[in-house]
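**Student:** Residue numbering for the sequence shown is -28 to -1, 1 to 458, as defined by mature numbering (1 follows the signal peptide of the UniProt record, and there is no 0). Where a beta carbon is used, it is the ideal one built from N, C-alpha and C, also for glycine. Just so you know, these numbers come straight off a predicted model, no measurement behind them. First the structure, which I've put down as structure tokens, then a few questions once you've had a look.
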Amino acid sequence: MRNRLVIAAAAMLAALATTAVVTTSAEAATVRTDTPYVLVNRNSGKALDVYNLATTDGAPINQYTRNDGAWQQWTFLDSGSGWYRLRSAHSGKVLDLPSSTDGVQLVQNADRNDARQQFRLADSAGGQVRLINRASGKALEVWEWSTADGAKVSQYQDLDGANQQWQLVPLGAAARTFTNPIKRGGPDPWLQHYNGYYYLATTTWNSTITMRRSTTLAGLATTADQVIFNLAGRANGCCNMWAPEFHLINGRWYFYYTAGQNVSDYNPTQRLHVLESAGPDPMGPYTFKADLGTEWALDASVLKVGSNLYLMGTYNAGGSYGQSNFIQRLTNPWTLTGSRVRLSSPTLSWERQTGAVNEGPEPLYHNGKVMVVYSASACWGPDYKLGLLTLTGADPLNPAHWTKSLNPVFQRNDANGVYAPGHNGFFKSPDGTEDWIVYHANDSAGGGCDMNRSTRAQKFTWNADGTPNFGAPVRLGATLTAPSGE
């Protein structure tokens, strides 16, 4: 181990030698809070890095060869008065110094916005900066002037040594783009961003339930599916897995899906089922939790209104109602109670193209408004599309308390070559500032209701009345800006 006093003295002499031409100010030039940065150490030339791609609290922050991955991208969050937290694009957590001790390991933790997580920028020569911790008053440095991959990043008194100096390299929007589709052969997609990763599950049409994950939306296109549960051997619900969704409720993930029997005419046997995770990892492990009903049903989702949970899905309402959406109270994520209520039916002309269908109800919340976006018309035709219900009363179980929009909110776009866009879900950008829709669609008007449908995503905005503005489905291959915070 090198003698820190010798190194410190050398750094102080170097600083004195430059005082005639360089004046170090208390604060560095203003950083942008809407741009991720890579922080490159002046001494080693290596980047501040979430070591081993960790997403957990307390994980070490070290240096590593620069690769500009999400684990090396940091966004400055303004804490006021010149202080900032630095949030990882990979994990969503912020830099944290657990104590004021020299040599303490720099780690990541959930954002508390306290003094241990706040830093100011001090100028050094050549456009470099030092990061001074608010709680300790000390500077971040690569410990013992190491140049090795994996070397510890810590703190020491501010000596303005090269191992305490960092170059802030902004990454422009061009580094954060993606193109649709984000999964070929991905019908009925459900996507969530959680703990630094995007998680995507889609229909498999076999006895496996699969999921893929990536730190970037673009990465989902090339990431392999992983089997998280095998349905083989189940008496009812072994096969034809459709329309998966996973919801985090009370610290566990509940994975809802449709599956039936292994028979040639599989459709009449399809039922709703739910798995439960052992902990907070969306990848599981999972155990089978419950069957949800004994009749034909599809497309389970969960609506929350106040403290109450409701199961939504699709069933045959009979008579002139036909394939409709329903809602039913849940006493917990796996137990139904009370009667099933018809939520919506295909009553409008645009809901009856090729076939009269309402299905795939999905919850959407905005500024206290509770909405349900659903799919309408036949999925085997080009005019499959999305409609909107808004809760305008107090009781979700009273159909009269829901108002249906008279026009579709998302539909085919011939100019962009997008047909039958539907069966959607919603997710937030990594920094929580943007709303995104994920959906499937076909590449041609002759596409069917099968595994050729692909998963696509795009950002959406809000109308003045609080309803979503999804715009038009974008063309495959168009370059889109990735979700904010990647």
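(1) If we count Cβ pairs, one from each stretch, closer than 8 Å, do we get three or more for the region 434 to 453 versus the region 347 to 357?
(2) What three-state label does DSSP hand D271 in the structure shown?
(3) Round the Cβ separation of K305 and Y226 to the nearest angstrom and send it over; I've been treating them as touching at under 8 Å.
(4) Tell me, to the nearest whole angstrom, how far the beta carbon of Q137 is from that of R38; I am working on the premise that it is less than 8 Å.
(5) Taking Cβ positions, are H373 and P159 nearer each other than 9 Å?
(6) Could you tell me how far apart the beta carbons of T259 and E248 are, in whole angstroms, since I believe they sit closer than 8 Å?
(7) Rounded to the nearest angstrom, how far is the Cβ of K124 from that of N34, given a contact under 8 Å?
(8) Shortest alpha-carbon distance to I181 belongs to which of A204, Q164, G168?
(9) Rounded to whole angstroms, how far is the Cβ of R106 from the Cβ of A94, which I believe are closer than 8 Å?
(10) First and last residue of the beta strand (DSSP E) that includes C351?
(11) Rounded to whole angstroms, what is the Cα-Cα separation between D83 and S317?
(12) Taking the alpha-carbon positions, what's the G389 to L189 distance?
(13) On the CB-based measure, 16 or more other CB atoms within 10 Å of its CB, does R4 come out buried or exposed?
(14) Going by alpha carbons, who is nearest to G54 out of Q300, Q90, D21?
(15) Would you report the Cα separation of N152 and T439, rounded to the nearest angstrom?
(16) Quick check: the Cα distance between V199 and N414, rounded to an integer number of angstroms?
(17) Taking DSSP's pairing of strands, which residues face Q35 in a bridge?
(18) Give me the residue from Q80, G75, A61 with the minimum Cα distance to D68.
(19) Leaving aside the five residues before and after G157 along the sequence, list all residues of the same chain whose C-beta is less than 6 Å from its C-beta, in chain order.
(20) In three-state terms, what does DSSP make of L203?
(21) To the nearest angstrom, how far is it from the Cα of G310 to the Cα of R301?
(22) Specify, as a first and last residue, the run of the beta strand (DSSP E) that P8 falls within.
(23) Tell me whether Q136 sits in a helix, a strand or coil according to DSSP, three-state version.
(24) Kindly identify the DSSP beta-bridge partner or partners of P335.
(25) Taking C-beta to C-beta, are L308 and L270 nearer than 9 Å?
(26) Count the other C-beta atoms from every protein chain shown that fall within 10 angstroms of the C-beta of Y9, then say buried if there are 16 or more, exposed otherwise.
(27) Determine which residues share a DSSP beta bridge with I181 and list them.
(28) Could you pull the start and end residues of the beta strand (DSSP E) that Q300 belongs to?
(29) Measure the alpha-carbon distance for N385 versus R206 and round it to whole angstroms.
(30) Less than 9 Å between the beta carbons of Q129 and D74, yes or no?
(31) Distance, Cα to Cα, P70 vs D29?
(32) Mapping the DSSP letters down to three states, classify Q383 as helix, strand or coil.
(33) For Q80, which beta-bridge partners are listed by DSSP?
(34) Taking 9 Å as the threshold (C-beta atoms), are L361 and K376 in contact?
(35) Taking the DSSP output, what are the residues bridged to Q45?
(36) Can you look up L378 in the DSSP assignment and give me helix, strand or coil?
**Tutor:** Reading off the structure:
(1) Not touching, per the Cβ criterion.
(2) strand
(3) First, the amino acid is wrong: residue 305 is Pro here, not Lys. Contact flag correct, Cβ pair sits at about 4 Å.
(4) Q137 to R38, Cβ: 15 Å. No contact.
(5) Cβ distance not < 9 Å, so H373 and P159 don't count as in contact.
(6) 6 Å
(7) 6 Å
(8) A204
(9) About 12 Å; that fails the 8 Å criterion.
(10) It is not in any beta strand (DSSP E) - C351 carries neither H nor E in the DSSP assignment.
(11) 45 Å
(12) 22 Å
(13) Under a 10 Å Cβ-count criterion, R4 is classified as exposed, with fewer than 16 other Cβ atoms of the shown protein chains found around its own Cβ.
(14) Q90
(15) A direct Cα-to-Cα measurement between N152 and T439 gives close to 25 Å.
(16) 25 Å
(17) In the DSSP output, where bridge partners are listed per residue, Q35 has L20.
(18) The residue with the shortest Cα to Cα distance from D68 is Q80.
(19) M423
(20) coil
(21) 6 Å
(22) 8 to 13
(23) helix
(24) V344
(25) no
(26) Classification of Y9: buried, given that the 10 Å Cβ count is 16 or more.
(27) F201
(28) 295 to 304
(29) 41 Å
(30) yes
(31) If you take the alpha carbons of P70 and D29, they lie about 12 Å apart.
(32) coil
(33) L67
(34) yes
(35) Partner(s): none; Q45 has no beta bridge.
(36) coil
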